[in-house]
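As you go down the protein sequences, you meet chains A and B in turn.
Take 2 as the starting number for the first sequence in our numbering and just add one per residue.
Take 2 as the starting number for the second sequence in our numbering and just add one per residue.
Backbone N, C-alpha and C define an ideal beta-carbon position, used for all residues, glycine too.
A quick note: this is a predicted structure, and the numbers were derived from the prediction, not measured.
Here's the structure, in structure tokens; my notes come after.
Number of protein chains: 2
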Amino acid sequence: MNPDDPACPDVGPVSSSLATVARLHRIAAGKVLRCLGLYPGQEFVMMHLWEAGPVRQSELIKAVGLDPSTVTKSLQRLEQAGYVSRRPDPADRRASLVEATPQGCALREKVTGAWAALEARTAAGLSEAERESLLLLLTKVERNLCAEASAEECE
Amino acid sequence: MNPDDPACPDVGPVSSSLATVARLHRIAAGKVLRCLGLYPGQEFVMMHLWEAGPVRQSELIKAVGLDPSTVTKSLQRLEQAGYVSRRPDPADRRASLVEATPQGCALREKVTGAWAALEARTAAGLSEAERESLLLLLTKVERNLCAEASAEECE
DNA sequence: TACTTTAACTTGGTCGGCCAAGTAATGGGT
DNA sequence: ACCCATTACTTGGCCGACCAAGTTAAAGTA
């Protein structure tokens with residue numbers, strides 16, 4: 002969405018900008034992650050596993066906030082790639098325990114390093130105050146969007 | 002990505018927040034758009050077509066800033082749905098001219114209305130100054146991410 | 001004019017992500 | 001003990017989005 006485009010008047014400036022920036026960010030993340038063996042999005046899963054150790058899948062789902070089916074598929078691929086292992090939870094036969102394999106843990110430093118570099122690049126040229134401000138504003142927006150799944154759609 | 006999660010230390014706070022907010026925003030957009038017959042992402046294409054009239058596909062691609070193949074597939078679906086028509090450009094046999102059909106134009110008001118409502122909801126509780134600030138900060142970030150496709154990846 | 005580069009898509013493949021619907025096991029209530 | 005709601009995933013289907021590679025046509029160059 003090119004903001005300089007004369008045929009693109011400001012239809013929801015914040016929304017547009019948000020979408021664009023997030024896409025660029027994802028592409029940037031993807032470029033660096035792919036070299037490390039991950040696809041964009043998978044880093045969130047791995048980061049949680051690195052921090053939390055073995056967890057129930059439900060715990061992981063709650064942590065990353067994604068759709069359960071998304072996490073399921075992502076884990077299947079990560080398992081296939083050897084970065085993650087799953088086993089049934091003995092205490093609850095419905096549940097799975099998920100854990101990063103040694104091979105998965107081996108990615109940790111590189112990924113967190115890459116992620117830190119990306120953060121630096123993302124926020125380059127912003128003062129500390131600006132970063133906090135941005136974070137605050139984004140958090141407010143997040144709350145706005147989280148609220149109501151509101152039933153007043155359609156028609 | 003739950004920021005309150007003890008196992009989720011601030012790894013790239015701005016990056017994480019950005020990703021989360023954008024995802025929530027997209028979901029919100031999707032909910033309202035789906036009722037109108039569009040999938041999230043297609044609204045950008047349609048909005049450009051409404052504003053610009055018949056355009057070359059290359060122009061459209063530049064305007065929305067997406068990958069050409071993404072636009073191709075999106076247009077194929079929009080055409081299938083009857084919202085868009087394409088015809089070869091007589092002046093350049095490689096190119097296509099794209100245009101919203103009457104049926105596509107019929108969506109215009111509802112979609113822009115929905116988009117405006119979403120914008121309002123997104124920025125709810127933010128003062129005018131805060132909105133401008135947010136926009137400014139996002140724009141700075143966008144520039145940061147646009148810059149260098151930098152070759153110093155991997156390893 | 002012939003040759004090469006560039007532009008404008010398209011196709012195929014893979015992911016992440018969503019929703020809707022389905023299965024299986026746990027837990028709560030009567 | 002029985003039944004029903006809840007929880008914990010899974011499957012299937014579809015989209016957006018990417019990349020890589022291919023095709024066709026226009027431009028530039030020798």
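Cβ neighbours of residue 39 (chain B) in the same chain (closer than 6 Å, five flanking residues each side left out): The residue you call residue 39 (chain B) lines up with position 38 of the second sequence. Once the five neighbours on either side are set aside, residue 39 (chain B) has no close Cβ partner at all.
Between residue 26 (chain A) and residue 19 (chain B), what straight-line distance do the alpha-carbon atoms span, to the nearest angstrom? One-based indexing of the first sequence puts residue 26 (chain A) at position 25. One-based indexing of the second sequence puts residue 19 (chain B) at position 18. Near 8 Å, if we compare the C-alpha coordinates of residue 19 (chain B) and residue 26 (chain A).
Considering only residues of the stretch 9-39 of chain B, which uninterrupted beta strand (DSSP E) runs meet the minimum length of 3 residues and lie entirely inside it, listed in chain order? none
Terminal residues of the continuous beta strand (DSSP E) containing residue 101 (chain B)? Numbered from its first residue, the second sequence carries residue 101 (chain B) at position 100. Its beta strand (DSSP E) spans residues 93-101.
May I ask you to list, following chain order, the residues of the stretch 70-104 of chain B that have a beta carbon less than 8 Å from some beta carbon of chain A? none
Identified DSSP bridge partners for residue 85 (chain B): Working through the second sequence from its first residue, we reach residue 85 (chain B) at position 84. According to DSSP, which records beta bridges pairwise, residue 85 (chain B) is partnered with B:101.
Answer with buried or exposed for residue 142 (chain A), where buried requires no fewer than 16 other C-beta atoms within 10 angstroms of its C-beta. Walking along the first sequence from the start, residue 142 (chain A) turns up at place 141. Flag for residue 142 (chain A) reads buried.
Using only the alpha-carbon positions, how far apart do residue 35 (chain B) and residue 84 (chain B) sit? Taking the first residue of the second sequence as 1, we reach residue 35 (chain B) at position 34. Taking the first residue of the second sequence as 1, we reach residue 84 (chain B) at position 83. So the alpha carbons of these two residues sit roughly 14 Å apart.
Beta-carbon of residue 107 (chain B) versus every beta-carbon of chain A: anything under 8 Å? On the second sequence, position 106 is the one that residue 107 (chain B) refers to. It does not; no Cβ of chain A falls within 8 Å.
Count the CB pairs spanning the stretch 57-65 of chain B and the stretch 91-103 of chain B that are closer than 8 Å, and state whether there are at least three. yes
Work out the CA separation of residue 69 (chain A) and residue 73 (chain B) for me, nearest whole Å. By one-based count along the second sequence, residue 73 (chain B) stands at place 72. By one-based count along the first sequence, residue 69 (chain A) stands at place 68. Spanning the two alpha carbons is a distance of roughly 30 Å.
Residue span of the alpha helix (DSSP H) that contains residue 134 (chain B), given as start and end: By 1-based counting over the second sequence, the position of residue 134 (chain B) is 133. 129-147 is the extent of the alpha helix (DSSP H) around residue 134 (chain B).
Can the beta-carbon of residue 108 (chain B) be found less than 8 Å from the beta-carbon of residue 48 (chain B)? Taking the first residue of the second sequence as 1, we reach residue 108 (chain B) at position 107. Taking the first residue of the second sequence as 1, we reach residue 48 (chain B) at position 47. No, these two residues do not count as a Cβ contact at 8 Å.
So with CB distances below 7 Å, who are the chain A contacts of residue 48 (chain B)? Start at 1 with the first residue of the second sequence, and residue 48 (chain B) comes out as number 47. Per Cβ cutoff of 7 Å: 12.
Element boundaries [alpha helix (DSSP H), containing residue 114 (chain B)]: As a working mapping, residue 114 (chain B) is identified with position 113 in the second sequence. 109-123 is the extent of the alpha helix (DSSP H) around residue 114 (chain B).
Are the CB atoms of residue 117 (chain A) and residue 13 (chain B) within a distance shorter than 8 Å? Taking the first residue of the second sequence as position 1, residue 13 (chain B) is located at position 12. Taking the first residue of the first sequence as position 1, residue 117 (chain A) is located at position 116. Going by C-beta atoms, residue 13 (chain B) is nearer than 8 Å to residue 117 (chain A).
Run through chain A and tell me which residues come within less than 8 Å of residue 122 (chain B), C-beta to C-beta. Working through the second sequence from its first residue, we reach residue 122 (chain B) at position 121. The contacting residues are 145 and 146.
Can you tell me where the alpha helix (DSSP H) holding residue 61 (chain A) begins and where it ends? Translated into the one-based positions of the first sequence, residue 61 (chain A) becomes position 60. Its alpha helix (DSSP H) spans residues 58-65.
For chain B, is any of its Cβ atoms less than 8 Å away from the one on residue 20 (chain A)? Residue mapping note: residue 20 (chain A) aligns to position 19 of the first sequence, counting from 1. For residue 20 (chain A), the answer is yes, since a Cβ of chain B falls inside 8 Å of its Cβ.
Below 8 Å between beta carbons is the criterion; list the residues of the stretch 113-137 of chain B that meet it against any residue of chain A, in chain order. 113, 116, 117, 119, 120, 122, 123, 124, 125, 126, 127, 131, 132, 134, 135 and 136
Determine the direct distance from the alpha carbon of residue 129 (chain B) to that of residue 128 (chain A), and round the result to whole angstroms. Stepping through the first sequence from its first residue, residue 128 (chain A) is reached at position 127. Stepping through the second sequence from its first residue, residue 129 (chain B) is reached at position 128. Distance between the alpha carbons of residue 128 (chain A) and residue 129 (chain B): 21 Å.
Under the DSSP definition of a beta bridge, which residues are partnered with residue 90 (chain A)? To locate residue 90 (chain A), count along the first sequence from 1; it is residue 89. Residue 90 (chain A) is bridged to A:93.
If we count the other Cβ atoms within 10 Å of its Cβ and call it buried at 16 or more, is residue 62 (chain B) buried or exposed? Residue mapping note: residue 62 (chain B) aligns to position 61 of the second sequence, counting from 1. Its Cβ being crowded by 16 or more others within 10 Å, residue 62 (chain B) is buried.
Can you tell me whether residue 101 (chain B) is buried or exposed? The criterion is at least 16 other CB atoms within 10 Å of its CB, across all chains shown. As a position in the second sequence, residue 101 (chain B) is number 100, starting the count at 1. Burial call: buried.
Which one of B:93, B:114, B:145 and B:50 has the shortest CA to CA distance from residue 76 (chain B)? As a working note, residue 76 (chain B) is residue 75 in the second sequence. Closest by alpha carbon: B:50.
Residue 69 (chain A), DSSP secondary structure in three states: Along the first sequence, read from residue 1 onward, the residue named residue 69 (chain A) stands at position 68. Residue 69 (chain A): helix per DSSP, three-state reduction.
Quick test of your reading: residue 131 (chain B) and residue 15 (chain A), contact by CB under 8 Å. State the CB separation rounded to the nearest angstrom. Residue numbering aside, residue 131 (chain B) sits at position 130 when the second sequence is read from its first letter. Residue numbering aside, residue 15 (chain A) sits at position 14 when the first sequence is read from its first letter. The Cβ separation is near 10 Å, so there is no contact.
Would you verify that the beta carbon of residue 25 (chain A) is, or is not, closer than 8 Å to some beta carbon of chain B? Taking the first residue of the first sequence as position 1, residue 25 (chain A) is located at position 24. It does; some Cβ of chain B falls within 8 Å.
So residue 33 (chain B) and residue 146 (chain A) are supposed to be a Cβ contact under 8 Å. How far apart are they, rounded? Mapped onto the second sequence, residue 33 (chain B) falls at position 32. Mapped onto the first sequence, residue 146 (chain A) falls at position 145. In fact, because the Cβ distance is near 12 Å, the residues do not count as touching under 8 Å.
Who are the neighbours of residue 16 (chain B) on chain A, taking C-beta pairs under 9 Å? Position 15 of the second sequence, counted from the first residue, corresponds to residue 16 (chain B). Ordered by position in chain A, the residues that pass the 9 Å Cβ test against residue 16 (chain B) are 26, 30, 116, 119, 120, 123 and 124.
Do you know offhand how far residue 44 (chain B)'s Cα is from residue 112 (chain B)'s? Numbered from its first residue, the second sequence carries residue 44 (chain B) at position 43. Numbered from its first residue, the second sequence carries residue 112 (chain B) at position 111. In a straight line, the C-alpha of residue 44 (chain B) is about 8 Å away from that of residue 112 (chain B).
If we count the other Cβ atoms within 10 Å of its Cβ and call it buried at 16 or more, is residue 78 (chain B) buried or exposed? One-based indexing of the second sequence puts residue 78 (chain B) at position 77. Classification for residue 78 (chain B): exposed.
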